[in-house]
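Asker: Okay, here's the structure, questions in a sec.
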Amino acid sequence: MGDYDGDGKWDVTVARRIPAVNQEINWYALNSSDNSMTAFHWGMLGDLQVPQDYDGDGKTDFAVYRGAGWWYILRSSDGQFQAERFGASGDSPFMGGDYDGDGKDDLATVSITAGPMVQLFIRLSGSGNWAQYSLGDARFTGVVAGDYDGDGKADPAIWQGG
Numbered sequence: 235m236g237d238y239d240g241d242g243k244w245d246v247t248v249a250r251r252i253p254a255v256n257q258e259i260n261w262y263a264l265n266s267s268d269n270s271m272t273a274f275h276w277g278m279l280g281d282l283q284v285p286q287d288y289d290g291d292g293k294t295d296f297a298v299y300r301g302a303g304w305w306y307i308l309r310s311s312d313g314q315f316q317a318e319r320f321g322a323s324g325d326s327p328f329m330g331g332d333y334d335g336d337g338k339d340d341l342a343t344v345s346i347t348a349g350p351m352v353q354l355f356i357r358l359s360g361s362g363n364w365a366q367y368s369l370g371d372a373r374f375t376g377v378v379a380g381d382y383d384g385d386g387k388a389d390p391a392i393w394q395g396g
């Protein structure tokens, strides 16, 4: 889900993988602004979908995360392809939002380390720096980042247990 046409409303979106037909991910978005359909091939089988507004233009970008920390983003602002490495083998991506308040969603991964401890890693798009947060333990269930204090920046947060 996301706002692929920039009208401020989320568009119904489906990403389908059809191994017998091809090795690509087929995306379909029903644009809420005019009820038109956008169909697009982006990503390969095994990639994880991580659509967000990475370029800050108010539209969701088609994006996938591939193992060993590779992000492949198709920016809606200029149609350009962006490949970036952030994360490590065993990390999982999560869609956390804009942690530095620059209007662009940031790359983010979660890792379970020895202990076990939950580590969130975030590449801040405004500066290019990265942040690390240690939260939680083996009861980790998922990431639930959001702007909990109303400052216009996403806050790191996880959900543990039932």
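In this note's numbering, the protein residues as written are 235 to 396.
The beta carbon of each residue, even a glycine, is placed where N, CA and C say it ideally should be.
Taking the straight line between their C-alpha atoms, what separation do you get for Pro253 and Leu282?
Answerer: 15 angstroms
Asker: Give me the residue from Gln316, Gly303, Asp289 and Asp336 with the minimum Cα distance to Val191.
Answerer: Nothing about residue 191 can be read from this structure; the chain reaches only from 235 to 396.
Asker: CB-CB under 6 angstroms to Gly376, same chain, minus the five flanking residues each way: which ones, in chain order?
Answerer: Within the same chain, Gly376 has close Cβ partners Trp393.
Asker: Short of 6 angstroms in beta carbon distance, which residues of its chain neighbour Tyr262, apart from the five on each side in sequence? Order them along the chain.
Answerer: Val248 and Ala273
Asker: Out of Asp334, Asp268, Asp245 and Leu358, point me to the one whose CA is closest to Lys293's CA.
Answerer: Asp245
Asker: Can you tell me the Cα-Cα spacing of Phe355 and Arg251, whole angstroms?
Answerer: 28 angstroms
Asker: Let me know if Arg373 comes out buried or exposed under the rule of 16 or more other beta-carbons within 10 Å of its beta-carbon.
Answerer: exposed
Asker: Given that a residue counts as buried once 16 or more other Cβ atoms are within 10 Å of its Cβ, and exposed if not, what is Gly330?
Answerer: buried
Asker: Taking Val284 and Pro327 to be in contact with their CB atoms under 8 angstroms, please state how far apart those CB atoms are, rounded to whole angstroms.
Answerer: Val284 to Pro327, Cβ: 5 angstroms. Contact.
Asker: Using the rule of at least 16 other Cβ atoms within 10 Å of the residue's Cβ for burial, across every protein chain shown, is Phe315 buried or exposed?
Answerer: exposed
Asker: Ends of the beta strand (DSSP E) at Met351?
Answerer: Met351 to Arg357
Asker: Helix, strand or coil for Val378, going by three-state DSSP, please let me know.
Answerer: coil
Asker: May I ask you to report which of helix, strand or coil DSSP gives Asp237?
Answerer: coil
Asker: Which class does Pro327 belong to by DSSP, given the choice of helix, strand or coil?
Answerer: strand
Asker: Can you give the Cα-Cα distance for Ala391 and Ser323, rounded to whole angstroms?
Answerer: Whole-angstrom Cα-Cα distance: 22 angstroms.
Asker: DSSP on Ile307, reduced to helix/strand/coil?
Answerer: Here Ile307 sits in strand by DSSP.
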